[in-house]
Amino acid sequence: MQTGPLLDEAYVAAGKVVKVFRNFPLTSIHPNAMPAAKAAHCAGQQDPKLFWSLHDWLFANLGVWSNAANAADQFRKQALALGVNSAQYDGCVQDARTEALIQRDLQEGASQGVRGTPAFLLVRVNAQGQTQTTRNLSGALPFDQFAQAIQELLAAQ
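All you need for my numbering is the position in the sequence shown, starting with 1, plus 752.
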């Protein structure tokens, strides 16, 4: 089983951690990364489950769309197949604020030391909402490495 579902089961579903996704489209490597990020964001604006469904499709089909001239059309077709409202989706994808939000994610990630993907930022926040501890993890790591890092953060007081 992949690490993501194991983490979701062991920590997210158990209420021990909150998972937050941030975009970090590497357009220098994947020319269609920004349209992909916009597509997933706009699907998620309608329903978080649609975000994750499109997100999973995007990563599973990276080789198909990464350099495709019609990538945005592929994203739209898949989003519609998943059940997005076409008018809302189209409006969101074309809205300049969508790209601005994604650019903000990029800048925030870079300021936290993110240089590539996948990257994971584990943050411990106190009751007042202040960051106490931060830990960066890079790469597709096994569950055990995530579990150890999460346990260390949860144990920190």
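Every residue, glycine too, gets a C-beta built ideally from N, C-alpha and C.
- Here A795 is near F803, since their CB atoms are less than 8 Å apart.
- Sequence-distant partners of R774 (beyond 5 residues in either direction) whose C-beta falls short of 7 Å from its own C-beta, in its chain, are D857, E860, G861.
- Counting only residues of its own chain and dropping the five nearest sequence neighbours on each side, A824 has a CB closer than 8 Å to the CB of N784, P787, A791, V845.
- Its chain contains L874, R876, T885, R887 as the residues whose beta carbon lies nearer than 7 Å to that of L905, once the 5 sequence neighbours on both sides are disregarded; these appear in chain order.
- Taking C-beta separations shorter than 7 Å and ignoring five residues to either side along the sequence, the partners of S838 in its chain run L832, following chain order.
- Bounds of the beta strand (DSSP E) holding R887 are 883-890.
- Counting other Cβ atoms within 10 Å of its Cβ, I781 stays below 16 and is therefore classed as exposed.
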